[in-house]
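*Asks:* This is the structure I have questions about; it appears just below.
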Amino acid sequence: MPQTPHIEKHFTGNESIRDIVIGMSDGLTVPFALAAGLSGAAATSSIIVTAGMAEIAAGAIAMGLGGYLAARSDIEHYQSERKREQQEVIDKPDFEVAEVAQILESYGLTAQQSATVMDAFQKNPEKWVDYMMEAELHLEKPDPKRALTSGLTIGGAYIAGGIIPLASYVFIPDAHTALLYSVGLTMAALLVFGAFKAYFTGVPLLRGALQTLLVGGLAASVAFLIARLIS
162 MPQTPHIEKH FTGNESIRDI VIGMSDGLTV PFALAAGLSG AAATSSIIVT AGMAEIAAGA
222 IAMGLGGYLA ARSDIEHYQS ERKREQQEVI DKPDFEVAEV AQILESYGLT AQQSATVMDA
282 FQKNPEKWVD YMMEAELHLE KPDPKRALTS GLTIGGAYIA GGIIPLASYV FIPDAHTALL
342 YSVGLTMAAL LVFGAFKAYF TGVPLLRGAL QTLLVGGLAA SVAFLIARLI S
């Protein structure tokens with residue numbers, strides 16, 4: 162009988178999801194806290210919108226730059242470790258052979274089987290280095306475009322998140338009334354965002370949504386209280 166081919170589906174966008182989570186979570190909580198704090202200080206909606214947009218711009222730049230620099234550091238670290246590993250393969254081949262044998266034998270391969278694998282590696286030093294980077298150092302080769310993508314993703318997610326708690330202030334002149342709508346919008350956004358994150362990470366949707374609402378709501382509440390105390 163013909164068999165249906167087995168196709169495995171694995172999610173490979175963890176880095177992008179992580180960047181969205183970082184940017185969106187901060188974007189939802191920080192501008193909300195600022196707007197809520199200003200609402201308590203008898204500021205008008207127009208002033209809150211102006212201050213909030215300024216904060217979103219500054220926050221998006223700072224968060225995006227932070228994400229870019231972090232990704233650049235990962236790339237530079239990988240390149241530095243790879244150069245060191247390449248040099249060790251040349252300068253200390255016996256030591257590197259022993260390391261490979263130890264790693265392979267930890268997976269149950271015999272000394273003879275490890276020697277066969279090692280012979281293949283010695284004929285292809287670059288593959289040898291590739292193996293050592295992953296098996297010994299647990300480092301995966303980063304995408305050279307990752308830094309720019311990470312910075313833009315985090316910054317964009319921050320802007321998207323920050324606009325939500327400010328939206329009510331754009332349409333409602335009374336700041337206190339706008340705050341009530343802002344609370345509702347932020348909570349709804351946290352639920353949707355949590356479900357989105359859960360979908361891509363394999364967590365049950367309801368649990369992911371409620372967990373994000375709880376954590377994000379707690380963070381927003383603390384930030385709100387601090388903003389009110391300062392104002």
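Numbering (our numbering), first residue to last: 162 to 392.
Quick reminder that beta carbons are idealized off the backbone N, C-alpha and C, glycines included.
No experiment lies behind these values; they were computed from the predicted model shown.
State whether the region 213–229 contacts the region 243–261, with contact taken as three or more CB pairs (one from each stretch) at a distance under 8 Å.
*Replies:* With a cut-off of 8 Å, the region 243–261 and the region 213–229 do not count as touching, because too few Cβ pairs lie within range.
*Asks:* Could you give the DSSP three-state label for ASP252: helix, strand or coil?
*Replies:* In the structure shown, ASP252 sits in a helix (DSSP, three-state: H, G or I).
*Asks:* At which residue ranges does the region 216–244 contain complete alpha helix (DSSP H) runs of 4 or more residues, listed in the order of the chain?
*Replies:* As far as the region 216–244 is concerned, it has no whole alpha helix (DSSP H) run of at least 4 residues.
*Asks:* Between ALA262 and GLY269, what straight-line distance do the alpha-carbon atoms span, to the nearest angstrom?
*Replies:* If I take the Cα positions, the gap works out to 11 Å.
*Asks:* Please state the DSSP three-state secondary structure of ASN175.
*Replies:* The answer is helix: DSSP assigns ASN175 an H, G or I state.
*Asks:* Is the region 328–345 touching the region 266–281 in the sense that three or more CB pairs, one from each, lie closer than 8 Å?
*Replies:* No contact exists between the region 266–281 and the region 328–345.
*Asks:* With distances taken Cα to Cα, identify the nearest neighbour of TYR229 among MET294, ALA308, PHE361.
*Replies:* Selected option, being the one with the closest Cα: ALA308.
*Asks:* Where do the ends of the alpha helix (DSSP H) carrying GLY363 lie?
*Replies:* Premise fails: GLY363 is in no alpha helix (DSSP H) and is neither H nor E.
*Asks:* What is the DSSP secondary structure of ILE324, counted as helix, strand or coil?
*Replies:* Helix at ILE324.
*Asks:* With three or more beta-carbon pairs closer than 8 Å as the criterion, would you say the region 371–391 touches the region 182–199?
*Replies:* Flag = yes, the region 371–391 and the region 182–199 touch.
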